[in-house]
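All remarks here apply to the structure that follows.
Residue numbers (my numbering): 4 to 80.
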């Protein structure tokens, strides 16, 4: 009986006080470097978020272009 009461209390607590995880938008930083600035190389330094965003954007842009081309070829046939 006590086990049922505890289970009911826990179930009600889960519905009454739901846990929320609010994700913050991850904006990557892109930094330009000059020759005399301290860095392992001269060029553009990307953090992991900015680099992964560039890779994903490039991948989906390529897929979008392919779909547009297929659509245009289907119209011509």
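The beta carbon of each residue, even a glycine, is placed where N, CA and C say it ideally should be. Nothing here was measured: the structure is a model prediction, and the numbers come from that model.
Item: Rounded C-alpha distance that separates residue 76 from residue 58; Value: 27 Å
Item: Own chain residues within Cβ distance below 7 Å of residue 46, not counting five before or after; Value: 36
Item: One or two residues paired with residue 35 in a DSSP bridge; Value: 47
Item: Which of helix, strand or coil DSSP assigns to residue 66; Value: helix
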